[in-house]
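In our numbering, the protein residues as written are 22 to 246.
Think of the CB as a built atom: it goes at the ideal place given N, C-alpha and C, for glycine as much as any other residue.
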Amino acid sequence: MSRFILLFMLSGAAFAGGSSSGPVSPPAECGEDADEDGSINRDCQTGAEIDCDDADPDSFPGATEVPYDGIDQDCDGYDLCDVDGDGFLSVECPDGEDVNGNPVVGTDCDDADANIHPYVEEVIDDGVDQDCSGADQTAACDLDNDGFTALSCGGDDCDDGDASVHPGADEIEDDGIDQDCDGIDFCAAVAWVQGGLGCAGLPSPMTGLTALALAGAALLTRRRR
């Protein structure tokens, strides 16, 4: 009999102990579907958000995303701004910020073609602006075929009639030609004599011997006086 009473008491203690914590309270405002789109706002068990905008029946997980409208219809956390999946955001996408707060600006001029974006190689004379430079590159923009676009086409080749003249070309000293397109001809460090125009419109250069001869003549003239 005493064993039965002891077992009963232990069972009661265990029952009381198991119920002392009480039921888990569900998160506030969960399980609701205010916009009646079939997707609840929040899971009552986990508290996880499900419908990212329960006031808009067009926004819920799996909804069709509308590109470039600044709205996250499918609740994946982003507006659709890269339709062709080439890794470049469309120029039509509203400017925004990334997760670090840095500004994000779209640069893809044709988000329907994955072969068109700022870092693709341009195909000359095909009528398509592959590299999103603003225009198709034509053969007339590189007449000397040195791989550099003429100034008239928005490039940096200062002489499109000479293949040896372009940015980065080897400069020839004192020849009056700006081979590397930096705006001036490279002039050697020599003495200059007043009068006449030489390298890059500067006074004409002379050799060291000529400079010494002129200096000596000037000294003799002073002594005679």
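With a cut-off of 8 Å on Cβ pairs, the segment 131-142 is not in contact with the segment 115-123, counting fewer than three such pairs.
Around Asp183, the same chain offers Asp165 as residues with beta carbons nearer than 7 Å, after the five sequence neighbours per side are excluded. Looking from the CA of Asp75, the closest CA among Ile61, Ala84, Thr159 and Cys65 belongs to Ile61. Bridge pairing for Glu70: Arg63 [DSSP]. Burial state of Thr85 is exposed, judged by a 10 Å Cβ sphere holding fewer than 16 other Cβ atoms. The C-alpha of Ile205 is placed about 11 Å away from the C-alpha of Glu194. In this structure, the beta-carbon distance from Ala171 to Asp157 does not fall below 7 Å. Residues Cys73 and Pro82 of the same chain have their beta carbon placed closer than 6 Å to that of Cys96, with the five preceding and five following residues left out of the count. By the neighbour-count criterion, in which a residue is buried when 16 or more other Cβ atoms sit within 10 angstroms of its Cβ, Asp178 is buried. The beta carbon of Gly189 sits closer than 7 Å to the beta carbons of Asp201 from its chain, once the five residues preceding and following it are set aside; these are given in chain order. Apart from the 5 residues on each side of it in sequence, Asp150 sits with its Cβ closer than 7 Å to the Cβ of Cys130, Ala156 and Asp157 in its chain, given in chain order. The distance from the Cβ of Gly127 to that of Cys102 is about 6 Å, consistent with a contact at the 8 Å cut-off. Residues of the same chain with a CB within less than 7 Å of the CB of Glu192, apart from the 5 flanking positions on each side, are Gln200, Asp201 and Phe207 in chain order.
Of the residues Asp119, Glu70, Val112 and Ile71, the one whose Cα lies closest to the Cα of Asp90 is Val112.
Ser80 sits buried, since 16 or more C-beta atoms from the chains shown fall within 10 Å of its C-beta. Look at Ala160 here: in three-state DSSP terms it is helix. The three-state reading of DSSP puts Ser173 in helix, counting H, G and I together. Shortest Cα-Cα distance from Asp107 to any of His138, Pro115 and Gly117 involves His138.
In the structure shown, Gly127 falls within a coil segment according to DSSP collapsed to helix, strand and coil. DSSP lists Asp129 as the beta-bridge partner residues of Ser111. Cβ neighbours of Pro78 within its own chain (closer than 7 Å, five residues either side excluded): Asp56, Glu57 and Asp58.
Asp100 counts as buried, since at least 16 other C-beta atoms from the protein chains shown sit within 10 angstroms of its C-beta.
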